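In this text, residue positions in the sequence shown follow the UniProt record's numbering: the first is 1, and each later residue adds one. Each remark here refers to the structure printed beneath this line.
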Amino acid sequence: MSTSVYIGAKEYFPGIGRIPFEGRDSDNPLAYKVYDADKRVGGKTMAEHLRFAVAYWHSFCATGHDPFGPGTRVYPWDAGNTPLARAEAKADAAFEFITKLGVPYYCFHDIDLAPDADDIAEYEANLQHMVGIAGERQKATGVKLLWGTANLFSHPRYMNGASTNPDFAVVARAAVQVKAALEATVALGGENYVFWGGREGYACLYNTDMKREKDNMARFLTLARDHGRSIGFKGNFLIEPKPMEPMNHQYDFDSATVVGFLREHGLDKDFKLNIEANHATLSGHTFAHDLQVASDAGLLGSIDANRGNPQNGWDTDQFPTDLYDTVGAMLVVLRQGGLAPGGFNFDAKVRRESSAPEDLFEAHIGGMDAFARGLEVAHALIESSPLEGWRQDRYASFSSGAGAEFAAGRSSLEALRSLALAQGEPQQRSGRQERYENLINQYLLR
Ligand code: XLS
Ligand code: NI
Ligand code: NI
Numbered sequence: 001m002s003t004s005v006y007i008g009a010k011e012y013f014p015g016i017g018r019i020p021f022e023g024r025d026s027d028n029p030l031a032y033k034v035y036d037a038d039k040r041v042g043g044k045t046m047a048e049h050l051r052f053a054v055a056y057w058h059s060f061c062a063t064g065h066d067p068f069g070p071g072t073r074v075y076p077w078d079a080g081n082t083p084l085a086r087a088e089a090k091a092d093a094a095f096e097f098i099t100k101l102g103v104p105y106y107c108f109h110d111i112d113l114a115p116d117a118d119d120i121a122e123y124e125a126n127l128q129h130m131v132g133i134a135g136e137r138q139k140a141t142g143v144k145l146l147w148g149t150a151n152l153f154s155h156p157r158y159m160n161g162a163s164t165n166p167d168f169a170v171v172a173r174a175a176v177q178v179k180a181a182l183e184a185t186v187a188l189g190g191e192n193y194v195f196w197g198g199r200e201g202y203a204c205l206y207n208t209d210m211k212r213e214k215d216n217m218a219r220f221l222t223l224a225r226d227h228g229r230s231i232g233f234k235g236n237f238l239i240e241p242k243p244m245e246p247m248n249h250q251y252d253f254d255s256a257t258v259v260g261f262l263r264e265h266g267l268d269k270d271f272k273l274n275i276e277a278n279h280a281t282l283s284g285h286t287f288a289h290d291l292q293v294a295s296d297a298g299l300l301g302s303i304d305a306n307r308g309n310p311q312n313g314w315d316t317d318q319f320p321t322d323l324y325d326t327v328g329a330m331l332v333v334l335r336q337g338g339l340a341p342g343g344f345n346f347d348a349k350v351r352r353e354s355s356a357p358e359d360l361f362e363a364h365i366g367g368m369d370a371f372a373r374g375l376e377v378a379h380a381l382i383e384s385s386p387l388e389g390w391r392q393d394r395y396a397s398f399s400s401g402a403g404a405e406f407a408a409g410r411s412s413l414e415a416l417r418s419l420a421l422a423q424g425e426p427q428q429r430s431g432r433q434e435r436y437e438n439l440i441n442q443y444l445l446r
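Pasting the structure below:
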């Protein structure tokens, strides 16, 4: 992307320029310590490995409200006289921020980018207008769209779900937004299209026909797939699992649930998974676990990079800073050969108490450095540490002889019994967890 700093009609982050890479000895809060876009790690640059994206909704729309009070941040781009004027100013602020940060991608919901409207023609016109603006800004800055999506959970009409709503009228209304958001994504060259379940789930099983709702969801996704392909969308459709919140039970609970659902409905050729760290932890897994499940199914498509708070049982969407998390994630990503056309979208927000404009920069810088370090460490672990060898050796007994026959499906219970009889009691083999954990620390400290 271009190195000049894009500034629209007005500068929204004055005093902050292009964020430089200064290396590990720098104490400048507004500089990268590890993320060096052009640095090569293995065969690719850091930028090519990580494909970072800024989330429009957390960074430029939400001002920090919580159930106990309103937002704490005042956005200078939120001052225009009309909803469209405010949306245009927001786009200017967004592209200035993303360019100054040096991030290659962004992601949006339809109504983050353009004003919502109950009137369908007005909603569609608003979105088309803002697609025109965003397209111009993309051209001017080189910033690209990682994925688009439709917000099918905020408007009260979706309180009982969108594609899983018991009322067909709401399902049809949801199609308006998905059609428009898909078309916007295609017009802006979006590389993926996301479905996060939103309110696709239920609160009370007594009033819910779960099978019917899930079948309807599959039909709706199939129609979206068909429309997307018919208008030239070549990228991945992505499902983003989450176990709960806002509904008690979300249908897209976790990776394993979504893999099964996609296969059951013949959607696994077009759809992959977008795994969010905080959603994985809410479902009782680690981030790495849900990544691995998706990857093993050949369906890991993209990542929403954030973290939860271990004390809280909800989606806190904090910026990722935990190096164990990023090493664990990058091990999965590198072993599958990368994420493209997916990427790492910072579905994360600064804390309500973080009210200064530079907090948004520092939050992204920290997240990018954490993943860049995770990338370096995971790469070194795979390429030059004993890790892969140790793990392979653990399973060596399946690589030759009767073990290999078994793994290839050429064995029988009877044959296994005879083997067991001949070999005697199996020797104890240590799992050596501590040795592996120490190795991770050793490489992290290098
Ligand atoms: C909410 C989700 C949402 C999706 C996009 O928990 O993470 O932000 O990423 O709709
Ligand atoms: Ni989330
Ligand atoms: Ni998300």
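Quick reminder that beta carbons are idealized off the backbone N, C-alpha and C, glycines included. Nothing here was measured: the structure is a model prediction, and the numbers come from that model.
Of ALA180, MET46, ILE111, the smallest CA-CA separation from TYR56 is found for ILE111.
Chain order is used for the residues whose beta-carbon lies nearer than 6 Å to a heavy atom of ligand 2, namely GLU276, ASN278, HIS279, ASP315, ASP317, ASP347.
Between the alpha carbons of ASN165 and PHE195 lies a gap of roughly 15 Å.
Residue burial annotation: SER430 is exposed, with fewer than 16 other C-beta atoms found within 10 angstroms of its C-beta.
In the structure shown, the three-state DSSP call for ARG212 is helix. In this chain, ASN278 is not harboured by any beta strand (DSSP E); it is covered by the alpha helix (DSSP H) spanning 277 to 282.
Per DSSP, GLU240 is one residue of the beta strand (DSSP E) stretching across 236 to 240. Judged by their CB atoms, ASN345 and TRP147 are nearer to each other than the 9 Å cut-off. Going by DSSP, TRP196 is part of the beta strand (DSSP E) stretching over 192 to 196.
Rounded to whole angstroms, GLN433 and THR281 show a C-alpha spacing of 21 Å. Under DSSP, ARG417 forms no beta bridge with any residue. If one requires a minimum length of 4 residues, the alpha helix (DSSP H) runs lying completely within the stretch 72 to 110 are 83 to 101, in chain order. In this structure, the straight-line span from the alpha carbon of ILE120 to that of PRO246 is close to 25 Å.
With a threshold of 8 Å, the Cβ atom of THR281 does not count as near ligand 1, since no heavy atom of the ligand is closer than that. Distance from the CA atom of SER26 to the CA atom of PRO20, rounded to whole angstroms, is 11 Å. Ranked by Cα distance from VAL258, the first of ALA134, ALA125, LYS214, ALA93 is LYS214. Contact between the stretch 293 to 305 and the stretch 337 to 357 is present, with at least three C-beta pairs closer than 8 Å. If the five residues before and after VAL293 are omitted, its C-beta is found closer than 6 Å to the C-beta atoms of SER255, ALA256, all from its own chain and listed in chain order. Taking the C-beta atoms as reference points, PHE261 is found no nearer than 9 Å to PHE237. Between LYS100 and ARG18 a beta carbon distance of about 6 Å is seen, short of the 8 Å cut, so the two are scored as contacting. By the CB criterion at 9 Å, PHE95 and GLN128 fall outside the cutoff. The three-state reading of DSSP puts ARG18 in coil, since its state is none of H, G, I, E or B. Between MET217 and the set ASP226, VAL171, GLY235, the nearest pair of CA atoms involves VAL171. When secondary structure is reduced to three states using DSSP, ALA37 falls in the coil class, being assigned neither helix nor strand. By the CB criterion at 9 Å, PHE153 and ARG199 fall inside the cutoff.
Here PRO104 really is in contact with ARG51; their C-beta atoms are around 7 Å apart, less than 8 Å. Unbroken alpha helix (DSSP H) stretches of 4 residues or longer found wholly inside the stretch 348 to 422: 357 to 384, 387 to 394, 401 to 407, given in chain order. In the three-state reduction of the DSSP assignment, ASP325 falls in the helix class.
Here the alpha carbons of GLY401 and THR185 stand approximately 52 Å from one another.
The closest CA to that of CYS61, considering only GLU48, GLY69, PRO67, TYR75, is found on TYR75.
Counting every other CB atom within 10 Å of its CB across the protein chains shown gives LEU205 a total below 16, marking it as exposed. Taking a C-beta distance under 9 Å as the contact criterion, THR63 and HIS109 do not qualify as a contact pair.
The nearest non-hydrogen atom of ligand 3 is less than 8 Å from the C-beta of ASP304. Look at HIS249 here: in three-state DSSP terms it is strand. For LEU223, the closest of LEU182, ALA31, GLY23 by C-alpha to C-alpha distance is LEU182. The way I'd put it, the stretch 76 to 87 doesn't touch the stretch 411 to 418; fewer than three beta-carbon pairs between them come closer than 8 Å.
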